[in-house]
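Numbering-wise, the sequence shown is residues -19 to -1, 1 to 479 according to mature numbering (1 follows the signal peptide of the UniProt record, and there is no 0).
Ideal Cβ placement from N, Cα and C applies to all residues, glycine included.
What you are looking at is a predicted structure, and each value in this text was computed from that prediction instead of being measured.
Okay, so here's the structure we're looking at.
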Amino acid sequence: MTPIWYLSLLFLTCLLIIAVFKRKKQQRGPPSPPGFPIIGNLHQLGELPHQSLWRLSKQYGPVMFLKLGRVPTVVVSSSETAKQALKIHDLHCCSRPSLAGPRELSYNYLDIAFAPFDDYWKEVKKLCVQELFCPKQVHSIQPIKDEEVKKLIDSVAESSSQKTPVNLSEKFLTLTVGVICKAAFGVSFHGTVLNNDRFDKFINEAFLFLGSFSASDFFPNGGWIVDWLTGLQGRRERSVRDLDAFYEQMFDLHKEEKEKGSEDFVDMLLRFQKEESVLGVGKLTRNHVKAVLMNVLIGAIGTSAITMTWAMTELMRNPRAMKKLQTEIRNQMGNKPMITLDDIEQLHYLKMVVKETWRLHPPAPLLVPREVMSEFEINGYKIQPKTRLYVNVYAIGRDPDIWKDPEMFLPERFIDNNIDVKGQNFELLPFGGGRRLCPAIYMGTSMVEFGLANMLYHFDWILPDGMSVEDIDMEETPGLNVSKKIELQLVPVKYLDH
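Structure, rendered in structure tokens:
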């Protein structure tokens, strides 16, 4: 009996050791770079966090834990881990972190993309899709696009006749603002008090602050003091005041210019504001109306203009791709004066160029952060509630396990490739995925394709005198939407065969 007793004890001990080891393995968190007391890993973010986190992920893997001040944070940097977060465990982490202290008071009508995941948020998003972003509505505003693109062509043609450089970053922003102001806000941007030099500045400031990492986010009980001392809080307050003035101006202009008896998107929102509840989930306040319009500003204006600028930048650095795309457009168009939506559908290389631009230059390289609501696993690592979760789309687009020669601009990689940007292919996520998928996918895509096609059809493009391809600067600006730091200046040459 004694040997049997010893064998039984040994067997039970082995089982206990295995169980303890397995439990520890199951509870272990993701790998983490070493940090400092109090600040944790904040010092490792740098001016461009998406690039810093990409470099760190090469060392610590596609699931990485950081302590940003007092905030536990997980960053996922591969298509497989993004799929786990945005699809498999979407319900566990589809909320948004709340903002801290005075910043929350400043941005009291923050973009609905920052709202918690609840019935109100779902219904307002559904409203935006139905009234603005669905294919039927996007097709209905095509006359507005035609008008604004015609203005852009005429403006560039004037510079072409004088052989002077054109600031394409500015032109593309003006184009998208013109379309969105008419389509969504019901007012004309051109010839109004909105059309001034300060508009571009405060829109860019809003993008910067909404995507910035500030002390009040990571130290809720006193970080606002640091933001105040550095001047960040003051700049943020000025940005909010400018945005608020813009919305109020837009409301006034809208009331003056809208057709009698018609109701557009802003009319509808203002009507809901007067009602006791909206869509059965609560009362819509004036700040809620501004929050919805903030979403339109960020989702439609900034991303489209930024993508067109980066696409033109890459095409100038890659003359072979530029020639191939212009040949496709001009062969398809013949002698037509204006490109139509039907023409766009036949421009297959154009669609590859846009996808490749989004791969290398996603407008939001770090998707807006999520907050984990309940525990789940990614790659076997436990992710705890209240953890802030980032998806690094920039890193995914440069993953050598997915993309051959990932640093090269090569639109041909999408030939016979079914990867799209609708949030189901996690190798390419310019619009995010899951329940937080950007509702403006169709509008953004059609705006980019239409604007680019017309600029490349009507004009050839050369660099300013004394500038070579090697001189084209590729630095990025920080912020929610990452744009080109030095604006793109090119000389247009009118296409004489047209």
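query                                                                                                                       : result
Environment of Asp449 [buried if 16+ CB atoms lie within 10 Å]                                                              : Note on identity: in this sequence residue 449 is Ser, with Asp being the wrong assignment. Ser449 comes out exposed.
DSSP-derived helix/strand/coil call for Ser121                                                                              : helix
Whole-number beta carbon distance between Asn373 and His31, since they are thought to touch under 8 Å                       : 6 Å
Every unbroken beta strand (DSSP E) within the stretch 347 to 408, with a cutoff of 3 residues, ordered by chain            : 357 to 359, 362 to 364, 369 to 372
Test item: CB-CB of Ser195 and Leu210 under 8 Å                                                                             : no
Whether Gly415 touches Asp71 by CB criterion (8 Å)                                                                          : yes
Neighbour-count burial assignment, Phe46, 16 or more Cβ in a 10 Å radius                                                    : buried
Contact check, Met314 vs Asp323, beta carbons under 8 Å                                                                     : no
Simplified DSSP state of Pro53, which is helix, strand or coil                                                              : strand
Start and end residues, alpha helix (DSSP H) containing Lys271                                                              : 267 to 277
Residue interval of the alpha helix (DSSP H) (run including Lys475)                                                         : Lys475 -> not in any alpha helix (DSSP H); beta strand (DSSP E) instead, spanning 470 to 475.
Bounding residues of the beta strand (DSSP E) (the contiguous stretch that carries Asp198)                                  : Premise fails: Asp198 lies in the alpha helix (DSSP H), 196 to 199, not in any beta strand (DSSP E).
Buried/exposed call for Gln143, threshold 16 Cβ in 10 Å                                                                     : exposed
Neighbour flag for Pro344 against chain C, beta carbons, 8 Å                                                                : In the structure shown, chain C cannot be found, because there is only a single protein chain.
Segment limits, alpha helix (DSSP H) that includes Phe253                                                                   : 246 to 255
Chain-order list of residues whose beta-carbon lies under 6 Å from that of Pro53 (same chain, five-residue window excluded) : Thr368
Beta carbon of Leu471 nearer than 8 Å to that of Pro146                                                                     : yes
DSSP three-state assignment for Phe166, whether helix, strand or coil                                                       : coil
Selection from Leu251, Val44, Lys304 that minimises the alpha carbon distance to Leu265                                     : Leu251
Ile467, enclosing alpha helix (DSSP H) - first and last residue                                                             : It is not in any alpha helix (DSSP H) - Ile467 carries neither H nor E in the DSSP assignment.
Close-in-space but distant-in-sequence residues of the same chain around His120 (CB under 8 Å, 5 per side omitted)          : Leu322
Through-space distance from Val349 to Leu23, alpha-carbon basis                                                             : 18 Å
Rounded C-alpha distance that separates Pro11 from Ala376                                                                   : 17 Å
Three-state class that DSSP yields for Ile28 in the structure shown                                                         : Before going further, note that residue 28 is Glu rather than Ile in the sequence given. Correct three-state label for Glu28: coil.
Nearest-angstrom Cα separation, counted from Asn299 out to Ile453                                                           : 11 Å
Rounded separation between Pro318 and Asp233 - CA only                                                                      : 36 Å
Integer-rounded CB distance, given that Ile134 should sit under 8 Å from Val160                                             : Not quite, the Cβ-Cβ distance comes to about 14 Å (not below 8 Å), so this is no contact.
Complete beta strand (DSSP E) runs within the stretch 416 to 464 (minimum length 3 residues, chain order)                   : 440 to 443
Strand pairing of Met45, partner residues [DSSP]                                                                            : Val56
CA-to-CA distance, Gly425 to Lys403, given in whole angstroms                                                               : 12 Å
Contact under 8 Å by Cβ, Glu337 with Phe395                                                                                 : yes
Start-to-end residues for the alpha helix (DSSP H) that takes in His329                                                     : 329 to 341
Phe222 versus Leu347 - alpha carbon distance                                                                                : In the sequence on display, residue 222 carries Arg and not Phe. Answer to the nearest angstrom: the Cα atoms are 26 Å apart.
Whether Phe431 touches Ile310 by CB criterion (8 Å)                                                                         : no
C-alpha gap between Arg216 and Gln123, whole angstroms                                                                      : 37 Å
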